[in-house]
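Residue numbers (the numbering used here): 27 to 805.
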């Protein structure tokens, strides 16, 4: 009955693990998870409110942007530009400054002239066909052809029947003798290239080097826009090596002389190497440095050049080891007494006072001790035991020595410090003759073009490369077309749209302006003067068109509207010139009615468009409000429009979550939307206003895109919130089903138990009464 009463009191049929362990612990786990999920509901609710706050901000910002757009459209529609009237003659001059004019500009009637394009043409009398091959040079590697070259420097390094690979094909070199001549090598390569089955047929020419290229075979590429042939040595060759000079940083005093250049050590290995590298080009060497060993190697740039000269290094000296000398004169010991070296105890087997015998015994004991013998070596000379460090170099001290001799030596131990090794002088490797391969780019004419203060470097290669290659008229035409196309593309990429490259009927090459205009063209650089002459700077002249009008006023109207139409507007106002200032800024006008000069000049001012100017201020106020709206769209300290990151967790272990942030993390404000403050002059032209309106359109597009993203995030969070609520209910219901009692069953059980108890009591009472009745009868 007590258990039934407990179940009825708690409503649970499982109140402890004793009732039903499985159900109790399962229900406990389900309730715990439900509690964890319930604790996340507040986070989700706050996340929803934060997203709603951001959406409120985006809605307000959208309206602000639409107001800014409306302000700009109002500015575009306004045409309240100010004007002034002038009585002009054919000789009148108006000098204007301000408004849209950055510099004082003189306006007067011009004389009809034919313009001149800025143009520079090659000065050679012959047709231009690109660079001419450089047959010689200060160094062998500078010798160039029209096409890119691969130079095989033989120098006795290729044997008969050896194999090399040229342009991807194997070439077996054959000749009359064991070591091939350059002519035999060239013939073998030429035969292989020009074989009918060769995949590189016609791509290269092969010749024997002369002049600065002795003992060499030159493979030249025919097409000048293709690289040099790849050549690799397969077998049967002796490779050449460049001469080197090597030394270690420790052998360098404060300065050292390399190829006649005095170079400071600089106080560190890295600084010294940097100094060497800065002088390498002038000294004709390459620097190879190893920071670990501090070894430095200087390699000659060219095969056959001597090793770089290095002087001024320290003379080399070997390291000297530190040593301790113990004079055993006067010492007396007995058997079993000890001497301690660096913590190692040596026990003497015999006694005595003969110092020479004592020294020899100690020498033997040190040799037998593996610890001491690995560090020191001992020797005896008379009464003196010498203990020397096995490794040379400066050391702070020798071995520590302690003894318990019956009589100590008369003289104390003497320590002598060692000396570090001083590295030796420079080590050189001589020139090693043999085969080596060099490549040289195709020859090119390189020069720089400057037009309207914009520069670009141009390089032109030749028509065809290769020794003895025939060039047809078709080859020249194809080369001219490709050269013009490439250079014009390079000019366009450099934003020089006013120039073009052309070939004339005589084959001369020109760089010419597309239209007559007062801009300067200059050509300079390595080949500029040689190709275009010493006077390679020219300025064009604009065309001055005639006037269709007859009167001076109408001619001024035509002149102003034709040449300054974006800044001024002119009208014939009853025979007088009315000039309108198309700007929000004031325009200063110095009017000389008859062109006589300052004496008759009359100043005047044309006010700017104040409506557009005020609208620019209104635009700026709206922009500031946009930023304030962004700053105020926060909830519980998180502002998504400022770029804050909102993390909402969806499950109890944190593995399911969503991060909410603006697309680029910069937030939503005027700067992120690329909206700047305006000044009145920004609204001077309709084209400028159109560009600003387009910027606002882009900003609105960005806002709508971000609003869509936030809306999607909000939908996800709300969906997860509903899901989590249902999951909590499911978990709690499941736990209840495992532990809750059936109150009807438990009540019936209690009633049955109570009835049974009552009947039992009645039975006992009746039995007791019957007994008493019998007892009364007996009495």
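Cβ coordinates follow ideal geometry from the N, Cα and C atoms, glycine included.
| query | result |
| --- | --- |
| Limits of the alpha helix (DSSP H) - the one that residue 618 falls within | Per DSSP, residue 618 belongs to no alpha helix (DSSP H); it is in the beta strand (DSSP E), 613–618. |
| Beta-ladder partner(s) of residue 495, from DSSP | Answer is none; residue 495 lacks a bridge partner. |
| Residue 695, buried or exposed, once every other Cβ within 10 Å from all chains shown has been counted against 16 | buried |
| Whether residue 740 touches residue 84 by CB criterion (9 Å) | no |
| Residue 152 in three-state terms, based on DSSP | coil |
| Contact set for residue 639: own chain, Cβ-Cβ below 6 Å, skip 5 residues either direction | 610, 706 |
| Sufficient close CB pairs (3 or more, under 8 Å) joining the stretch 508–515 to the stretch 453–469 | no |
| Spatial distance of residue 660 from residue 72 (CA atoms) | 11 Å |
| CB contact flag (residue 66, residue 678, <9 Å) | yes |
| Endpoints, alpha helix (DSSP H) assigned at residue 75 | 47–103 |
| Segments assigned alpha helix (DSSP H), at least 4 residues, entirely inside the stretch 244–331 | 295–304, 306–309 |
| Contact between the stretch 557–572 and the stretch 178–190 (3+ Cβ pairs under 8 Å) | no |
| Start and end residues, alpha helix (DSSP H) containing residue 608 | Looking at the DSSP string, residue 608 is not in any alpha helix (DSSP H), and its letter there is neither H nor E. |
| First through last residue of the alpha helix (DSSP H) which encompasses residue 640 | 636–658 |
| With 16 other Cβ atoms within 10 Å as the buried cut-off, status of residue 396 | exposed |
| Where the beta strand (DSSP E) through residue 177 begins and ends | 175–179 |
| Three-state secondary structure (DSSP) of residue 752 | helix |
| Straight-line gap, residue 116 to residue 594 (C-alpha atoms, nearest Å) | 19 Å |
| Per DSSP, the bridge partner or partners of residue 464 | 177 |
| Cβ neighbour criterion (16 or more within 10 Å) applied to residue 75 | exposed |
| Ordered list of alpha helix (DSSP H) runs contained in the stretch 689–728, each at least 4 residues | none |
| Residue 602 versus 591, 377, 585, 578, residue with shortest Cα-Cα distance | 578 |
| Cutoff 7 Å; reference residue 165; Cβ partners in own chain excluding five residues on either side | Bear in mind that the predicted position of residue 165 carries a pLDDT of just 33, short of 50, making it unreliable; the figure below should be weighed with that in mind. Taken in chain order, the residues that qualify are 328. |
| Collapsed DSSP secondary structure at residue 207 in the structure displayed | coil |
| Cβ-Cβ separation, residue 97 to residue 641 (assumed contact under 8 Å), whole Å | 6 Å |
| Cut-off 6 Å between Cβ atoms - residues of its own chain near residue 713, not counting five sequence neighbours on either side | none |
| Candidates 245, 278, 282, of which the one nearest residue 172 by Cα | 245 |
| Residue of 753, 649, 738 minimising C-alpha distance to residue 89 | 649 |
| Beta bridge counterpart(s) of residue 595 as assigned by DSSP | 606 |
| Outcome for residue 155 when other beta-carbon atoms lying within 10 angstroms are tallied against a minimum of 16 | buried |
| Residue range of the unbroken beta strand (DSSP E) whose run includes residue 129 | 127–133 |
| Cβ distance (whole Å) where residue 536 is taken to contact residue 147 below 8 Å | 4 Å |
| Residue nearest to residue 527 in terms of C-alpha spacing, selected from 485, 560, 493 | 485 |
| Alpha-carbon spacing of residue 187 relative to residue 198, whole angstroms | 6 Å |
| DSSP state of residue 540 mapped onto helix, strand, coil | coil |
| Distance between residue 113 and residue 645 (C-alpha atoms, nearest Å) | 39 Å |
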